[in-house]
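I have placed the structure first, in the form of structure tokens, so that the comments after it can refer back to it.
There are 2 protein chains.
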Amino acid sequence: MRISHLGPTGTHTESAAIEYDPNAQLMPYPTVKDAVHAVERDEADLAICAIENALEGAVIETLVILQNEILSVNISAEIVIPIKHALIGIPNQSFTNITTVHSHPQALAQCRDNLMALVPNAKPVAALSTAAAIESTTRNPNTLAIGNIRAAKPQSLHVYNPDISDNKNNQTRFIALGKNLVPPTGDDKTSLIFTMAHDLPGSLVDVLSPFAKRKINLSRIESRPTRQQLGTYYFFVDIHGHQDDTLIADAIKEAQPKTQWLNILGSYPRWNYIKS
Amino acid sequence: MRISHLGPTGTHTESAAIEYDPNAQLMPYPTVKDAVHAVERDEADLAICAIENALEGAVIETLVILQNEILSVNISAEIVIPIKHALIGIPNQSFTNITTVHSHPQALAQCRDNLMALVPNAKPVAALSTAAAIESTTRNPNTLAIGNIRAAKPQSLHVYNPDISDNKNNQTRFIALGKNLVPPTGDDKTSLIFTMAHDLPGSLVDVLSPFAKRKINLSRIESRPTRQQLGTYYFFVDIHGHQDDTLIADAIKEAQPKTQWLNILGSYPRWNYIKS
């Protein structure tokens with residue numbers, strides 16, 4: 006199994022790929038879009054893409070790919086992993102000598118309180134990625150970096166703390182995009198995207214009603230602007246059930262004519278089902 | 006009428022405040038939160054806050070205020086204005102001599118194609134705000150800035166082009182937050198925020214059904230993570246109608262017990278109603 010993902014080595018997306026298949030051949034790409042195109046060109050079997058973080062919300066870069074591209078791939082799995090921010094640096098440093106802590110601004114912000122407690126005199130310094138921050142700390146004593154624990158080992162760095170996140174509820178949900186359709190498992194999710202005609206305000210409820218009246222659970226709804234006109238949106242909806250289930254298929258068939266455009270992004274096993 | 010808004014002078018929020026009341030006393034504040042607190046402390050009568058942009062989507066800073074704060078204010082109006090990116094600089098410059106164009110990265114991105122056509126050799130340079138970019142261009146010949154046309158006049162700068170946006174559909178919707186409740190006008194919107202209990206996946210449809218079965222139009226739904234647990238959200242929903250209308254009041258009364266927490270953010274005249 007060849008899995009493409011946002012690189013470099015040591016990203017959280019790489020961790021999700023390993024969680025999905027520990028034996029996979031990992032193929033890092035510079036952008037999420039490049040990772041998806043690798044599957045479309047048959048260079049990889051699956052692309053793993055972050056879609057939603059518990060603290061920050063939707064991952065816009067992935068939603069834009071799903072809404073704008075004529076994709077020859079569909080969602081075939083979801084993976085949820087905890088996001089931990091490890092404090093990493095050259096071994097045998099004293100915290101009292103640390104002058105700077107490097108990381109991506111989002112990671113720095115998510116560890117602000119703990120950094121204040123651990124290294125109150127260190128200055129936070131922004132890096133382009135957590136991987137770049139860890140890379141820079143290999144050359145600089147008296148600095149630490151915040152990043153993925155997996156990125157420390159190849160650089161012979163010490164993990165001073167495996168997780169200094171202020172909020173321990175941080176998780177990211179990833180999707181796997183591939184060319185194969187996944188048969189029903191009995192506990193599945195189906196992801197849909199749709200838009201509505203401009204002259205039909207309020208038709209969102211009309212689109213959702215076919216699911217509601219069949220008691221189909223709707224676990225997520227995300228709206229993104231179409232960029233055509235204020236108040237017009239792409240809606241991303243996750244429902245419980247498989248597109249091959251008669252109940253789901255009937256609901257989609259009834260909902261489709263009430264949309265301007267509806268696309269089934271895929272049916273795949275629910276993550277809870279796999280783990281529990 | 007004292008209107009607080011995100012400053013400095015020349016922001017799009019200031020333009021929205023003037024659109025709402027050309028005779029208002031304008032009170033710029035450094036953050037959206039400060040502008041809202043000014044109303045809570047009775048230093049201002051209304052705070053104008055951007056809530057949604059046609060190209061970028063929800064304005065997270067404003068949503069976070071609505072979801073996290075115990076507010077003594079409610080939404081009492083909405084204002085929609087076109088967003089135009091003017092090309093501004095010291096007068097009498099030749100485009101062939103321009104070496105840099107300064108602006109907020111979002112504005113630079115939204116004008117990329119037109120900049121390539123107009124000043125192909127100029128380097129884009131990021132500024133903290135469009136106002137800061139325009140301020141810096143007053144001191145630097147051979148530079149231009151992209152920003153709000155209103156910011157050019159006080160600095161005696163020339164407007165080389167009133168709008169170089171690549172996408173002319175750019176609009177921003179603002180809300181006005183105040184202490185007074187607004188009576189029904191016959192064409193109103195009501196904004197709600199709610200969360201659902203963690204152990205009730207799929208209950209979103211249960212919450213929306215009381216509106217659907219009464220044929221109440223739902224013009225917008227926006228979800229934001231609660232930051233407590235992946236898959237739990239604050240939902241921001243706009244419906245057509247006033248909370249004092251019996252139909253709306255009944256629907257809210259039926260929906261409320263299906264939520265964990267529901268708050269009415271306000272009822273206010275629809276923007277289209279005012280303008281058309």
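In order, the protein sequence lines correspond to chains S and H. Each position in the first sequence, counted from 1, maps to that position plus 5 in the numbering used here. Each position in the second sequence, counted from 1, maps to that position plus 5 in the numbering used here. Glycine included, C-beta positions come from ideal geometry on N, C-alpha and C.
Residue closest to residue i, alpha-carbon to alpha-carbon, out of the options
i	options	result
Lys220/S	Leu252/S, Thr190/S, Ser196/S and Arg232/S	Leu252/S
Asp118/H	Ser108/H, Gly152/H and Ser170/H	Ser170/H
Val44/H	Val212/H, Asp211/H, Pro27/H and Ile8/H	Ile8/H
Arg232/H	Gly191/S, Asp193/S, Pro188/S and Gln176/S	Gln176/S
Ile103/S	Leu92/S, Ser272/S, Val78/S and Ala112/S	Leu92/S
Asn58/H	Arg46/S, Thr237/S, Asp255/S and Tyr165/S	Thr237/S
Ile75/S	Val41/S, Val164/S, Thr105/S and Pro274/S	Val41/S
Tyr165/S	Gly152/S, Asn172/S and Asn174/S	Gly152/S
Asp192/S	Thr16/S, His247/S and Phe240/S	His247/S
Lys263/H	His163/H, Leu133/H, Ser214/H and Asp26/H	Ser214/H
Ile226/H	Gln234/S, Asp249/S and Val242/S	Val242/S
Leu182/H	Met121/H, Gly15/H, Thr67/H and Ile23/H	Thr67/H
Trp276/S	Ile86/S, Leu11/S, Glu19/S and Thr18/S	Ile86/S
Asp234/S	His10/H, Asn222/H, Ile88/H and Leu235/H	First, the residue type needs correcting, since residue 234/S is Gln and not Asp in the sequence shown. Here the closest residue by C-alpha is Ile88/H.
Asn73/H	Ser99/H, Pro230/H and Ala112/H	Pro230/H
Thr16/S	Leu120/S, Leu133/S and Glu259/S	Leu133/S
Ala114/S	Pro167/S, Asn172/S and Ser99/S	Asn172/S
Cys116/S	Asp168/S, Glu140/S and Asn126/S	Asp168/S
Contact check, residue i vs residue j, beta carbons under 7 Å
i	j	result
Thr135/H	Gly94/H	no
Ala150/H	Ser108/H	yes
Trp266/S	Thr195/S	no
Val64/S	Ala55/S	yes
Ala21/H	Met32/H	no
Ala138/H	Pro110/H	no
Ser228/S	Phe240/S	yes
Ile198/S	Asn97/S	no
Ile53/S	Thr14/S	no
Ile80/S	Gly271/S	yes
Euclidean distance between Cα positions of residue i and residue j
i	j	result
Ala82/H	Leu51/H	10 Å
Val37/S	Leu71/S	11 Å
Gln261/S	Val212/S	7 Å
Lys128/H	Asp255/H	58 Å
Asn185/S	Leu209/H	31 Å
Val78/H	Ile84/S	41 Å
Pro189/H	Ile244/H	14 Å
Val124/H	Thr101/H	7 Å
Glu61/S	Asp47/S	32 Å
Ala202/S	Asn174/H	17 Å
Pro35/S	Phe179/S	17 Å
Asp26/S	Ile154/S	19 Å
Gln160/S	Met6/S	27 Å
Leu162/H	Asn147/H	13 Å
Tyr278/H	Val187/H	Confidence at Tyr278/H is low in this model, with a pLDDT of 45, below 50, so the placement of that residue should be treated as unreliable; the coordinate-derived value is given next. Rounded to the nearest angstrom, the two C-alpha atoms are 15 Å apart.
Asn28/S	Asn222/S	34 Å
Val106/H	Ala122/H	13 Å
Arg144/H	Phe216/H	56 Å
Ala112/S	Lys218/H	44 Å
Gly12/H	Glu259/S	48 Å
Leu120/H	Glu140/H	20 Å
Ser99/H	Asn126/H	13 Å
Within chain S, partners of residue i - CB distance below 7 Å
i	result
Arg178/H	Leu235
Leu31/H	Per Cβ cutoff of 7 Å: no residues; Leu31/H is ~24 Å from chain S at best.
Interface flag, residue i vs chain A, CB-CB below 7 Å
i	result
Ser214/H	In summary, chain A is missing from the structure at hand, where the protein chains are S and H.
Partners in chain H for residue i, counting only beta-carbon separations shorter than 9 Å
i	result
Ala181/S	Correct list: empty, because the minimum Cβ distance to chain H is about 17 Å.
Contact set between residue i and chain H, taken where Cβ atoms lie within less than 7 Å
i	result
Val210/S	Leu213, Phe216, Ala217 and Leu223
Where residue i meets chain S, residues with beta-carbon distance less than 8 Å
i	result
Asn174/H	Arg232, Gln233, Gln234 and Leu235
Taking beta-carbon pairs under 9 Å, can you tell me which members of the segment 218 to 239 of chain S lie near chain H? Flagged, chain order: Lys218, Lys220, Ile221, Asn222, Leu223, Ser224, Arg225, Ile226, Glu227, Ser228, Arg229, Pro230, Thr231, Arg232, Gln233, Gln234, Leu235, Gly236, Thr237 and Tyr238.
Can you pull out the residues from the segment 250 to 267 of chain S whose beta carbon lies closer than 8 Å to at least one beta carbon of chain H? Under the 8 Å Cβ criterion, the segment 250 to 267 of chain S contributes no residue.
Tell me which residues of the segment 121 to 133 of chain H have at least one Cβ-Cβ distance to chain S shorter than 7 Å, keeping chain order. Within the segment 121 to 133 of chain H, not one residue has a Cβ closer than 7 Å to any Cβ of chain S.
Listed from N- to C-terminal order along the chain, which residues in the segment 38 to 69 of chain S have their beta-carbon within a distance smaller than 9 Å of any beta-carbon of chain H? The residues in question are Glu57, Asn58, Ala59, Leu60, Glu61, Gly62, Ala63 and Ile65.
If you measure beta-carbon to beta-carbon, which residues of the segment 76 to 93 of chain H are closer than 7 Å to chain S? The segment 76 to 93 of chain H vs chain S, Cβ under 7 Å: Val85.
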